[in-house]
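Per my numbering, the sequence shown starts with residue 149, numbered consecutively.
No residue lacks a Cβ here, since even glycine has one placed at the ideal position from N, Cα and C.
Written out below as structure tokens is the structure these notes cover.
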Amino acid sequence: MKHLIKTVAAASVLASAGLFAASAQQSQEFTFAVDRAELTSEQAVRVAYQRLNVEAARYCEALALQANEQAYCRADVVEHVVSAVSHEGLSSLHVERTREARYVADRG
């Protein structure tokens, strides 16, 4: 079953009848569809995560934010979608990638 993830200017994460809405600070809507049944392999999870990051980056770039705000926007959108999907493999990959990014930033 395909799950539709929408990030809107709501105050909370809602889940209802397979439709997930995740909150963000933006007033425009971000939509991401993922079929959890297809997330059966590590490769499928990596492809979905990469697609999510690309779509989140495009969404945030379209908001005409400053560069540092775009990075926060993308991170926020990805975090909310990963949380809403609630898939163990996707969550694990997200934790791994965010740890790597923090390590690189700390080494700066």
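The residues 180, 226 and 229, in chain order, have a CB closer than 7 Å to that of residue 200 in the same chain once the five nearest residues on each side in sequence are set aside.
The stretch 183 to 190 makes no contact with the stretch 206 to 216: fewer than 3 CB pairs, one atom from each, lie closer than 8 Å.
Inter-residue distance for residue 198 and residue 247 is about 16 Å (C-alpha atoms, whole angstroms). Rounded to whole angstroms, residue 231 and residue 176 show a C-alpha spacing of 19 Å.
Non-local beta-carbon contacts of residue 203 in its own chain, meaning distances under 8 Å to residues more than five positions away in sequence, involve 178 and 180 in chain order.
Using a 10 angstroms sphere on the CB of residue 196, the tally of other CB atoms reaches 16 or more, which defines it as buried. Note that the C-beta distance between residue 194 and residue 235 is not below 7 Å.
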